[in-house]
């Protein structure tokens, strides 16, 4: 992990990320929404913003934000019900464009993917030109804009794609990669969530430069299996391959809350963006899941998990929501505050195309 790959030349990795994907699709399909602050999601008390247009982001609205908070920040916010079947169809159009350039495609969700274009089907030598061409093709085919990051590994390509959003691209070369990481706040690192960032801050690690100063043994002691990964990326090194056919053993998401939760409604609301995140990953990768696990960490840092396995892969995000609700309900009333909730899916398997269901979203 800590040694640069034995290769005569760096890999060429492109991370493509659609701009405000769900919201942009809604604005594309309904011209009356263009130029207005739009949130995809439900305005209900338990609702969560699944995506926000750039007009809404100017007010501080962002995905995973409670709808009531979003409305407070932007009183003129327009809520639109999600249409996951449409987003999936557009995602497949985009995936077909990727496939014209390389078979080495690793989707992260419906709206982003890694591409390894070191060896590509067009015989193009310059990765920035490939990214520019792909973005132009996406615009011409779907009417939507995409941003791209180009670098020699996955971590830096992901970081680069956020530098010139929306509708831009950014390259991080092997020469400037380590310096780019050094000045980056660790809370902005892909793969460093709020809880990990908080722990790093307690250890005096605020930037990539601070992280680079820590010994491998120190990072392994405090961050376990992630220690060697953090040691590598602090030096601009990430040897993970783009894996087009990977089926993970599990996929999960969790969130640490700014204030402890004591009742069911805010807990269920806090779980909604996590549910949507893991479901979007499964949809993008055409994976079905039969086991759902709920993770609960209390204010005293004790934790419990509750799991349920069904006989066939869950057919829709609504079924996942129902199952999570069933796992969550018995935890209340709770004598202790809850500081973290997580959802993970396991018993994963490839879906057969002919059995893929229509999606629905129950918010």
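Residue numbers (UniProt numbering): 1 to 363.
Where a beta carbon is used, it is the ideal one built from N, C-alpha and C, also for glycine.
These numbers come from a predicted model, not from an experiment.
Between the segment 151 to 163 and the segment 8 to 24 there are three or more inter-stretch CB-CB distances shorter than 8 angstroms, so the stretches are counted as touching.
Collapsing the DSSP output to three states places residue 45 in coil. Per the C-alpha coordinates, the member of 167, 224, 264, 182 positioned closest to residue 143 is 167.
Going by DSSP, residue 257 is part of the beta strand (DSSP E) stretching over 250 to 261. No residue range can be given for residue 316, since it is assigned to no beta strand (DSSP E) and is classified by DSSP as neither H nor E. With 16 or more other Cβ atoms inside 10 Å of its own Cβ, residue 155 counts as buried. If the five residues before and after residue 233 are omitted, its C-beta is found closer than 6 angstroms to the C-beta atoms of 155, all from its own chain and listed in chain order. Taking residue 310 as reference, the option from 146, 289, 199 with the minimal CA-CA separation is 289. Between the alpha carbons of residue 303 and residue 282 lies a gap of roughly 26 angstroms.
The beta carbon of residue 332 lies closer than 7 angstroms to those of 263, 264 in the same chain, with the five residues before and after it left out. Counting only runs of 3+ residues, the beta strand (DSSP E) found wholly inside the segment 95 to 160 occupies 105 to 109, 112 to 116, 146 to 151, in chain order.
Taking all protein chains shown into account, residue 215 has fewer than 16 neighbouring C-beta atoms within 10 Å of its C-beta and is therefore exposed.
Annotation: the continuous alpha helix (DSSP H) that includes residue 265 extends over 264 to 284. Taking the C-beta atoms as reference points, residue 351 is found no nearer than 8 angstroms to residue 153.
In this structure, the CA atom of residue 242 is about 25 angstroms from the CA atom of residue 343.
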